[in-house]
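Undergrad: Per our numbering, residue 17 is the first one in the sequence shown, and the count goes up by one each step. We put the beta carbon where it would ideally sit given N, CA and C, even for glycine.
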Amino acid sequence: MQIMLGEHDVRVFEGTEQLMKTDTIIWHPDYDYQTLDHDIMLIKLFNPVEVTESVAPISLPAGCPYGGMPCSVSGWGNTASSGDANMPNRLQCLDVPIVSDEDCDRAYPGMITRRMVCAGYMDGGRDACNGDSGSPLVCYGEVHGLVSWGQGCALPNYPGVYVKVCEFLYWIDDVL
Numbered sequence: 017m018q019i020m021l022g023e024h025d026v027r028v029f030e031g032t033e034q035l036m037k038t039d040t041i042i043w044h045p046d047y048d049y050q051t052l053d054h055d056i057m058l059i060k061l062f063n064p065v066e067v068t069e070s071v072a073p074i075s076l077p078a079g080c081p082y083g084g085m086p087c088s089v090s091g092w093g094n095t096a097s098s099g100d101a102n103m104p105n106r107l108q109c110l111d112v113p114i115v116s117d118e119d120c121d122r123a124y125p126g127m128i129t130r131r132m133v134c135a136g137y138m139d140g141g142r143d144a145c146n147g148d149s150g151s152p153l154v155c156y157g158e159v160h161g162l163v164s165w166g167q168g169c170a171l172p173n174y175p176g177v178y179v180k181v182c183e184f185l186y187w188i189d190d191v192l
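#1: In three-state terms, what does DSSP make of D121?
#2: What does the alpha-carbon distance come out to for the pair L107 and C87?
#3: Unbroken alpha helix (DSSP H) runs of length 4 or more, entirely within the segment 57 to 139: which are they?
#4: Using CA atoms only, rank isn't needed, just tell me which of H160, I42, R130 and C169 is closest to D139.
#5: When DSSP labels each residue in this structure, what does Y178 get in the three-state scheme?
#6: Check whether the Cβ atoms of G150 and R142 lie closer than 8 angstroms to each other.
#7: Since D39 is in the beta strand (DSSP E), which residue starts that stretch and which ends it?
#8: With a threshold of 16 other CB atoms inside 10 Å of the CB of H24, please say whether the residue is buried or exposed.
#9: Determine whether the beta carbon atoms of R27 and N94 lie at a separation below 8 angstroms.
#10: To which residues of the same chain is L192 closer than 8 angstroms at the C-beta, ignoring the five residues directly before and after it?
#11: Excluding sequence positions up to five away, which residues of its chain have a Cβ less than 7 angstroms from the Cβ of G176?
#12: Give every residue of the same chain whose Cβ lies closer than 8 angstroms to the Cβ of L185, excluding the five residues on either side of it in the sequence, and list them in chain order.
#13: Compute the Euclidean distance between the alpha carbons of G83 and G31, then round it to the nearest angstrom.
#14: Could you tell me the boundaries of the beta strand (DSSP E) in which L171 lies?
#15: Could you compute how far the alpha carbon of K37 sits from the alpha carbon of L110?
#16: Scan the segment 137 to 164 and note each continuous beta strand (DSSP E) run of 3 residues or more that stays entirely inside, going in chain order.
#17: So L52 is in the alpha helix (DSSP H); what residue range does that whole segment cover?
#18: Taking the straight line between their C-alpha atoms, what separation do you get for A125 and Q18?
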């Protein structure tokens, strides 16, 4: 498997891209395919990354996210919530707030674990979607979440559900 870093527009070679060969893929040992709990994996690259203006590391979180925390999610996922897939050529970015634990639990009764966090708008209209899975949820320059699942895309009362990265810091440290 290979990974493209520094990509912005898939139709255009911009000179910022780095095609990287993967060495090892490490799934979380407690990943549950049905509940999507522990929906995180690490990918070790075969060669070091060249840090540039377009490719740079992001910090792991110093703490856990809180309701109302301003964040942004980016990805190449579907930009239409229904109908035919509308996959963009350019990287999309959307500002989304962290949803309170109470609203998250109310949206998905009995489905949210302490390793998940919701982000988005309870009135709908804006959200990550199909094809964004694994994309980063960045808050204050730290990766606080990874797109995991949700009920449809951008539906009222159903925010997106993300992996809560702060709950995996010990596992990440052990693996690295």
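TA: Per the coordinate set shown:
#1: helix
#2: 16 angstroms
#3: 117 to 123
#4: C169
#5: strand
#6: no
#7: Q34 to W43
#8: exposed
#9: no
#10: L58
#11: C134, A135, G136, D143, A144, V163 and G166
#12: L76 and P77
#13: 39 angstroms
#14: No beta strand (DSSP E) contains L171, which DSSP labels as neither H nor E.
#15: 29 angstroms
#16: 152 to 155
#17: Element bounds for L52: n/a, residue is neither H nor E.
#18: In the sequence on display, residue 125 carries Pro and not Ala. Each residue's Cα considered, the two are about 38 angstroms apart.
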